[in-house]
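Residue numbers (my numbering): -9 to 302. Each residue gets a CB set at the ideal place from its N, CA and C atoms; glycine is no exception. Here the structure is laid out as structure tokens; the discussion comes afterwards.
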């Protein structure tokens, strides 16, 4: 993405808004308008932070993105400004070089960078559901994926693509799998009130930094339509062993920065990483503004500590 207007990232097509980069479609309705309004409230504060950093003009690390630049709705955008990083265009002179490509699979070679530059996410080239399940199995020692032609009982079918939100529950076994789909165990993450809870873990330097407890109705479990989001600490959501699993997962996937969707099964108590995103948006719309600001500051402190060049 260049410096072109944000609106050029989208196209109105057959009654939906098409995201050109990923091919995802957004339904233009009142819910979308509400989400946009809430996001602009947060954006105002993020811009204030950005302006203050420019005015103060103190020495800070430079950051460049390759091959694309993030738009303001991606979580890295407010975080980098709050952390004090200065966005520049020249990858070859930046202190921090961040691979930013909102595609499920990428094949971006590392560009020419200066000696000592910190590279972020260049080891993360595939966040398809099958890859996520395979890496999770190696990190945890137990399996998420299923063979749909032999699995007995309920299971989940979802797109291999990132952020498709098209999951559905099927009864196995199937005659044959559908091309472009992944098949996983159905995790019982239901909590009180007929809701399911997704423990969205945000990573900086491959380490859990903040957690968003995202809750939505059971019947809409696969949609990104949260009725409540709470900000929490990783230590309150996972055991030390589970945090180690998440860190091993991130290391093997090459995910220095991003988010992972963690579900806790109500019956077994086990956690399952069902999705990973190297270009995560955020903070979640349903999170209260004060919590959005706290989460951004926490992530910014962690970002500066993990990626900024060390002073000599």
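### Query
Along the chain, which unbroken stretches of the alpha helix (DSSP H) at least 4 residues long are found entirely within the stretch 30 to 109?
66 to 73
### Entirely enclosed alpha helix (DSSP H) segments - the stretch 101 to 174, minimum 4 residues
119 to 130
### Message
Please report the straight-line C-alpha distance between residue 26 and residue 273, rounded to a whole angstrom.
### Response
Position 36 of the chain shown, counted from the start, is the residue given in the question as residue 26. Position 283 of the chain shown, counted from the start, is the residue given in the question as residue 273. Distance between the alpha carbons of residue 26 and residue 273: 13 Å.
#### Entry: Own chain partners of residue 31 with C-beta closer than 7 Å, once the 5 adjacent residues on each side are dropped
Residue numbering aside, residue 31 sits at position 41 when the chain shown is read from its first letter. Correct list, in chain order: 279.
### Assigned secondary structure, residue 224 (DSSP; H/G/I helix, E/B strand, else coil)
Here residue 224 refers to the residue found at position 234 of the chain shown. Looking at residue 224 - three-state DSSP - the assignment turns out to be helix.
### Residues sharing a beta bridge with residue 231, DSSP
Numbered from 1 along the chain shown, position 241 holds the residue referred to as residue 231. DSSP output for residue 231 lists no bridge partner at all.
### Query
Between residue 89 and residue 103, is the Cβ-Cβ spacing less than 9 Å?
By one-based count along the chain shown, residue 89 stands at place 99. By one-based count along the chain shown, residue 103 stands at place 113. It is not a contact, given that the beta carbons lie outside the stated cut-off.
### Query
Out of curiosity, what's the CA-to-CA distance linking residue 36 and residue 291?
Numbered from its first residue, the chain shown carries residue 36 at position 46. Numbered from its first residue, the chain shown carries residue 291 at position 301. Residue 36 and residue 291: Cα-Cα distance of roughly 15 Å.
### For residue 267, the residue or residues it bridges with in DSSP
As a working mapping, residue 267 is identified with position 277 in the chain shown. Answer is 249.
### Assigned secondary structure, residue -8 (DSSP; H/G/I helix, E/B strand, else coil)
Walking along the chain shown from the start, residue -8 turns up at place 2. Unreliable positioning characterises residue -8 in this predicted model, as indicated by a pLDDT of 45, which lies under 50. The coordinate reading is nonetheless provided below. Three-state DSSP puts residue -8 in coil, outside helix and strand.
### Query
Does DSSP put residue 189 in a helix, a strand or coil?
Indexing the chain shown from 1 puts residue 189 at position 199. Residue state, collapsed to three classes: strand.
#### Entry: For residue 302, the three-state DSSP class (helix, strand or coil)
One-based indexing of the chain shown puts residue 302 at position 312. Per-residue confidence for residue 302 stands at a pLDDT of 49, beneath the threshold of 50, marking its modelled position as unreliable; the derived number appears in the next sentence. The answer is coil: DSSP assigns residue 302 none of H, G, I, E or B.
### Query
Is the CB-CB distance between residue 95 and residue 130 below 9 Å?
Indexing the chain shown from 1 puts residue 95 at position 105. Indexing the chain shown from 1 puts residue 130 at position 140. Going by C-beta atoms, residue 95 is not nearer than 9 Å to residue 130.
### Query
Is there at least one non-hydrogen atom of the ligand SAM closer than 8 Å to the beta-carbon of residue 69?
In the structure shown, the ligand SAM is absent, as is every other ligand, since no ligand is present at all.
### Query
Rounded to the nearest angstrom, how far is the Cβ of residue 264 from that of residue 253, given a contact under 8 Å?
Against the chain shown, residue 264 aligns to sequence position 274. Against the chain shown, residue 253 aligns to sequence position 263. Correct: roughly 6 Å between the Cβ atoms.
### Assumed close pair residue 146, residue 125 - CB separation to whole angstroms, cut-off 8 Å
Reading the chain shown from its first residue, position 156 is the one you call residue 146. Reading the chain shown from its first residue, position 135 is the one you call residue 125. Contact doesn't hold; Cβ gap of about 18 Å is too wide.
### Task
Would you mind stating whether residue 136 and residue 266 have Cβ atoms separated by less than 9 Å?
As a position in the chain shown, residue 136 is number 146, starting the count at 1. As a position in the chain shown, residue 266 is number 276, starting the count at 1. Against a cut-off of 9 Å, the Cβ pair of residue 266 and residue 136 comes out as no contact.
### Validate contact between the stretch 208 to 224 and the stretch 78 to 92 using beta carbons, cut 8 Å, 3 pairs
no
### Message
Closer than 8 Å is the cut-off here; do at least three beta carbon pairs connect the stretch 190 to 209 with the stretch 165 to 174?
### Response
no
### Task
Determine the closest residue to residue 249 out of 105, 152, 73, with distance taken between C-alpha atoms.
Residue numbering aside, residue 249 sits at position 259 when the chain shown is read from its first letter. Nearest C-alpha to residue 249: 152.
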